[in-house]
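Q:
Number of protein chains: 2
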Amino acid sequence: MKLILNQKDLLDGINIVSKAVPSKTTMPILECIVVMAEGDSIKLVANDMDLGIETYVDGMVDEDGAVALKGDIFFEIVRKLPTDEGDVTLDCNANLETVISCGQAIFRIQGLDAQDFSYLPEVEKEECLQLTQLTLREAIRQTIFSISLNESNKLMGGELFESTGDELRVVSLDGHRMSIRKIKLKEEGPSIKVVVPGKSLIEINKILADDNDKSVSIYVTKNHILFEFDQTTVVSRLIEGEYFRVEQMISHDYDLKVKLNRKDFLEAIERSIVLTKNDDKRPIVLQIGDDVIDMKMNTQSGALKEQVEVEKTGKDILIGFNPKFLLEALRIISEEEVCLYMSNPKAPCFIRDDDENYLYLILPVNFNAATI
Amino acid sequence: MKLILNQKDLLDGINIVSKAVPSKTTMPILECIVVMAEGDSIKLVANDMDLGIETYVDGMVDEDGAVALKGDIFFEIVRKLPTDEGDVTLDCNANLETVISCGQAIFRIQGLDAQDFSYLPEVEKEECLQLTQLTLREAIRQTIFSISLNESNKLMGGELFESTGDELRVVSLDGHRMSIRKIKLKEEGPSIKVVVPGKSLIEINKILADDNDKSVSIYVTKNHILFEFDQTTVVSRLIEGEYFRVEQMISHDYDLKVKLNRKDFLEAIERSIVLTKNDDKRPIVLQIGDDVIDMKMNTQSGALKEQVEVEKTGKDILIGFNPKFLLEALRIISEEEVCLYMSNPKAPCFIRDDDENYLYLILPVNFNAATI
């Protein structure tokens, strides 16, 4: 195989597929990135068996072939090649000895047999969901923080992707809270209901463009989900099992509604966690009155009292929360004002907009009223 | 004690003294920052027994007093106070209960008795060395990388500060290499020869201004060195013992002189360490000819050949180095061209300018010529 490539194009391609290179494995071949050249096309492939990524790189093919190169070394070599010395040559002989050169720098590394590699599973592409890369990226970012990578319940380590055809709903939950984002689809797509591993979504998010003009197509089969965008294809295994009954956890009844400035509330909670460093189980206690919330945090390190102005309708309430859960939801919302809906100190609090494009459920925590 | 302060001024002051707050200690009082108010002046003090820092903060004193507050919590509280809500009030009662408030946020933390604190040692200020903060900062930055925090030789963990009156020389060495920077002093000062702990210098460097108009005064006693700048005083303990005989290690004879482009050489060495990830003892081998250096690196991961253009006078040489040592010296030099002076593959290589404002000594390493 002999290829001539632009350094930046090659580096970008390696950067994309390297998201599927496992850092530790007992099978050296899986730590590799496969470079394949056939006709005019140059393809890079990596696969950690849960997540597989393929991407095409522009370049000139002088001679077809394929080789598997250790991912970390290949990435570092290409990253450090001189950028002002013209094109990169990648030349692999029959013994898979691979020479990567650019300007005066000539690297020689031993490749492995690309035939031993585990390629991406075949995914039958029928109907697809289409959305913009930015939309998918945002939906993942705005929900991924409430997955739980707890081994005892694998479903909590994934996100529900559920579509009724014209709307995609992305859901994550960890037993203490739940995050939901809804996306209106411009084109009608298939109905789907699958659980995608959070780890896969975290990696996919790193390579999706921050761009509303670029689209991504999503295909689903029984065991896999496939994302197709730009010159890249990502296939992730799905998590098996029936996801939690999301509808049953959501209530639209409430006894009080609180409207407040998100930034003020967020900063007050950020201050409260200053005191939880050595004592992170302490709740923030909110006394919600008609015009203000009186906030209190008491830990071994000290105490904080704080007031935030609100517009409240409904009864007063004294309720405690894990401040981290409030914080993570409030940070992810972009609106200037948010509404909280509550019923009693044991019932979940909902942070949602009127159309429920976002909905964050947070369970309150018990606290000893005597210590407040 | 009752004080009214600007949030940013207070935060800056805490940030300065916190460099002397130890992260772990068996004496809780040492983890504190002391706030002292007397008359018009507000002083913050921290001391980890090796390094002590005092700084003055602008503010209004309503009531004199002193209290020791846990450094990490105090810093985090002040950092998170609302910045647009006006001044910070710090109010400490007779039981040392301290209220720090700003706007609607009211923190209450328990202070400790400031009388139990270990204050900075008295340093008799006689003659001083004067230089600009930027100059000192640069001299530390350009030498600190070659100290060794190896317990078996404490002197290697420090830097020699040696002045003959009109020139300050800063030296560090770790047994494999040595770094020297010389600074011409504008005003004649005392002759000194002391070894300052590297850890102290690293912390001092974080608080020195990046400014050639601001000066720093250095006072030395038998056991301590004192740096005075802006509103801050830093006192460090010295390392006892006779420093290495620096002059004896320096030779001005050489058999070849190589002049090269620093950036090209640096980038070639950076490429070579890509291959040393799992095999970091491998030398980079330089075959120095009349117009080029042929560079070679061979490791388990692969091989690199590279050429760098040079102007050489003197004989040819085949010599090996730990690439990390070359790298760290070359990165710190700002000149576009550098000169290397060598004699034979066993003798030290010197990288220095004509006036020896900088001098880096690097010992070569043995290598098996058969593997090259």
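These protein sequence lines map, in sequence, to chains A and B. 1 is the number of the first residue of the first sequence in the working numbering; add one for each residue after it. 373 is the number of the first residue of the second sequence in the working numbering; add one for each residue after it. Backbone N, C-alpha and C define an ideal beta-carbon position, used for all residues, glycine too.
Is it right to say B/H624 is buried, meaning 16 or more other beta carbons lie within 10 angstroms of its own, or is it exposed?
A: Here the question's residue 624 of chain B lines up with position 252 in the second sequence. By the 10 Å Cβ count, B/H624 comes out exposed.
Q: Taking 8 angstroms as the cut-off, decide whether the C-beta atoms of B/G674 and A/R79 are in contact.
A: Position 302 of the second sequence, counted from the first residue, corresponds to residue 674 of chain B. Position 79 of the first sequence, counted from the first residue, corresponds to residue 79 of chain A. No, Cβ-Cβ distance for B/G674 and A/R79 is not below 8 angstroms.
Q: Beta-carbon within less than 7 angstroms of A/P22's beta-carbon, same chain only, minus the 5 sequence neighbours each way: which residues are those?
A: Here residue 22 of chain A is taken as the residue at index 22 of the first sequence, counted from 1. Result list for A/P22: L30, E31, D48, in chain order.
Q: Determine the DSSP secondary structure at B/L557, reduced to helix, strand or coil.
A: Here residue 557 of chain B refers to the residue found at position 185 of the second sequence. Looking at B/L557 - three-state DSSP - the assignment turns out to be coil, as it is neither helix nor strand.
Q: What residue ranges within the stretch 3-87 of chain A form continuous alpha helix (DSSP H) runs of no fewer than 4 residues, ordered along the chain?
A: Correct list: 7-17, 71-80.
Q: According to DSSP, simplified to helix, strand and coil, what is A/S163?
A: The residue you call residue 163 of chain A lines up with position 163 of the first sequence. In the structure shown, A/S163 sits in a strand (DSSP, three-state: E or B).
Q: If you drop the 5 nearest sequence neighbours on each side, which residues of the same chain put their C-beta closer than 6 angstroms to that of A/S101?
A: For this step, residue 101 of chain A is matched to residue 101 along the first sequence. Counting only Cβ-Cβ distances below 6 angstroms, and skipping sequence neighbours, we find T89.
Q: Given 8 angstroms as the limit, is there contact between the stretch 296-315 of chain A and the stretch 271-288 of chain A, that is, 3 or more CB pairs closer than that?
A: The stretch 296-315 of chain A vs the stretch 271-288 of chain A: in contact.
Q: Under a three-way DSSP split, which group does B/R634 fall into?
A: Locating residue 634 of chain B in the second sequence gives position 262, where the first residue counts as 1. Reduced to three states, the DSSP call for B/R634 is helix.
Q: Taking the continuous beta strand (DSSP E) assigned at B/P747, which residues delimit it?
A: For residue 747 of chain B there is no data in the structure shown, the boundaries of chain B being 373 and 744.
Q: Mind checking if A/G175 is an interface residue toward chain B, Cβ cutoff 8 angstroms exclusive?
A: By one-based count along the first sequence, residue 175 of chain A stands at place 175. Not closer than 8 angstroms to any Cβ of chain B, the Cβ of A/G175 fails to qualify, so no.
Q: Would you please state the rounded distance, in angstroms, between the beta carbons of B/A581 and B/V542? I believe it to be under 8 angstroms.
A: Working through the second sequence from its first residue, we reach residue 581 of chain B at position 209. Working through the second sequence from its first residue, we reach residue 542 of chain B at position 170. 18 angstroms between Cβ atoms; not a contact.
Q: Please list the terminal residues of the continuous alpha helix (DSSP H) segment that includes B/K696.
A: As a working note, residue 696 of chain B is residue 324 in the second sequence. Run containing B/K696: 695-704, per the alpha helix (DSSP H) assignment.
Q: Among B/G561, B/T536, B/G529, which one has its Cα closest to the Cα of B/D546?
A: Here residue 546 of chain B corresponds to residue number 174 of the second sequence, with the count starting at 1. Out of B/G561, B/T536, B/G529, B/G529 has the C-alpha closest to the C-alpha of B/D546.
Q: Within the 8 angstroms Cβ cut-off, does B/P454 reach chain A?
A: On the second sequence, residue 454 of chain B is found 82 positions in, with the first residue counted as 1. B/P454 counts as touching chain A.
Q: Beta carbon of B/D725, beta carbon of B/E707: below 8 angstroms?
A: Within the second sequence, the letter at position 353 stands for residue 725 of chain B. Within the second sequence, the letter at position 335 stands for residue 707 of chain B. Yes.
Q: At the 8 angstroms Cβ level, is B/L691 part of the contact set with chain A, yes or no?
A: On the second sequence, position 319 is the one that residue 691 of chain B refers to. Residue identity differs from the one stated: residue 691 of chain B is Ile in this sequence, not Leu. Answer no: the Cβ-Cβ gap between B/I691 and chain A never drops below 8 angstroms.
Q: Below 8 angstroms between beta carbons: does that hold for A/F265 and A/V308?
A: As a position in the first sequence, residue 265 of chain A is number 265, starting the count at 1. As a position in the first sequence, residue 308 of chain A is number 308, starting the count at 1. Going by C-beta atoms, A/F265 is nearer than 8 angstroms to A/V308.
Q: Between the C-alpha atoms of A/L131 and A/P348, what's the straight-line distance to the nearest angstrom?
A: Stepping through the first sequence from its first residue, residue 131 of chain A is reached at position 131. Stepping through the first sequence from its first residue, residue 348 of chain A is reached at position 348. For A/L131 and A/P348, the distance between alpha carbons rounds to 32 angstroms.
Q: Looking at chain B, which residues of the stretch 289-317 of chain A have a Cβ within less than 8 angstroms of any of its Cβ atoms?
A: Against chain B - using a Cβ distance shorter than 8 angstroms - the residues of the stretch 289-317 of chain A are S301, G302, A303, L304, K305, E306, Q307, V308.
Q: Does DSSP put A/P267 in a helix, a strand or coil?
A: Numbered from its first residue, the first sequence carries residue 267 of chain A at position 267. The residue you asked about is not Pro; residue 267 of chain A is Glu in the sequence shown. Looking at A/E267 - three-state DSSP - the assignment turns out to be helix.
Q: My assumption, with CB atoms under 8 angstroms, is that A/I144 sits in contact with A/L81. Please give the rounded CB distance.
A: Taking the first residue of the first sequence as position 1, residue 144 of chain A is located at position 144. Taking the first residue of the first sequence as position 1, residue 81 of chain A is located at position 81. Not a contact, Cβ separation roughly 34 angstroms.
Q: Does chain B have any CB closer than 8 angstroms to the CB of A/Q110?
A: In the first sequence, the residue the question calls residue 110 of chain A occupies position 110. A/Q110 counts as touching chain B.
Q: Kindly indicate if chain B contains any beta-carbon less than 8 angstroms away from that of A/I284.
A: Residue numbering aside, residue 284 of chain A sits at position 284 when the first sequence is read from its first letter. Cβ-Cβ to chain B under 8 angstroms: no for A/I284.
Q: Considering only the alpha carbon of each residue, which of B/A486, B/L690, B/I622, B/I645 lies closest to B/Y769?
A: Examination of residue 769 of chain B is not possible in this model, given that chain B is present from 373 through 744 alone.
Q: Along the stretch 464-481 of chain B, where does the CB come closer than 8 angstroms to a CB of chain A? Name the residues.
A: Residues passing the 8 angstroms Cβ filter: Q476, A477, I478, F479, R480, I481.
Q: Compute the Euclidean distance between the alpha carbons of A/A369 and A/S179, then round it to the nearest angstrom.
A: Here residue 369 of chain A is taken as the residue at index 369 of the first sequence, counted from 1. Here residue 179 of chain A is taken as the residue at index 179 of the first sequence, counted from 1. Rounded to whole angstroms, A/A369 to A/S179 spans 29 angstroms at the Cα level.
Q: In chain B, what lies closer than 8 angstroms to A/E270 by C-beta?
A: As a working mapping, residue 270 of chain A is identified with position 270 in the first sequence. K452, listed in chain order.
Q: Tell me which same chain residues have a C-beta within less than 6 angstroms of the C-beta of B/E534, skipping the five on either side of it?
A: Position 162 of the second sequence, counted from the start, is the residue given in the question as residue 534 of chain B. Once the five neighbours on either side are set aside, the close Cβ partners of B/E534 are R541, K565.
Q: Quick one: residues in its chain with C-beta nearer than 6 angstroms to the C-beta of B/G613, no 5 flanking neighbours on either side, listed in chain order?
A: One-based indexing of the second sequence puts residue 613 of chain B at position 241. Answer for B/G613: L527, listed in chain order.
Q: For the alpha helix (DSSP H) that contains B/E510, what are its first and last residues?
A: Against the second sequence, residue 510 of chain B aligns to sequence position 138. Segment 505-513, the alpha helix (DSSP H) holding B/E510.
Q: Using only the alpha-carbon positions, how far apart do B/L699 and B/E642 sit?
A: As a working mapping, residue 699 of chain B is identified with position 327 in the second sequence. As a working mapping, residue 642 of chain B is identified with position 270 in the second sequence. Each residue's Cα considered, the two are about 7 angstroms apart.
Q: On a CA-only basis, which of B/N522, B/E523, B/L377 is nearest B/G820? Give me that one, please.
A: Outside the shown range of chain B (373 to 744) lies residue 820 of chain B, about which nothing can therefore be said.
Q: Are the beta-carbon atoms of B/Y730 and B/R617 separated by less than 8 angstroms?
A: Numbered from 1 along the second sequence, position 358 holds the residue referred to as residue 730 of chain B. Numbered from 1 along the second sequence, position 245 holds the residue referred to as residue 617 of chain B. No. Outside cutoff.
Q: In chain order, what residues of the same chain have a beta carbon less than 6 angstroms from the beta carbon of B/S715, not counting five sequence neighbours either side?
A: If you number the second sequence from 1, residue 715 of chain B lands on position 343. Excluding sequence neighbours, B/S715 sits near Y626, D627.
Q: Within 8 angstroms (strictly less), CB to CB, does B/I576 reach chain A?
A: Translated into positions along the second sequence, residue 576 of chain B becomes position 204. No, no contact with chain A.
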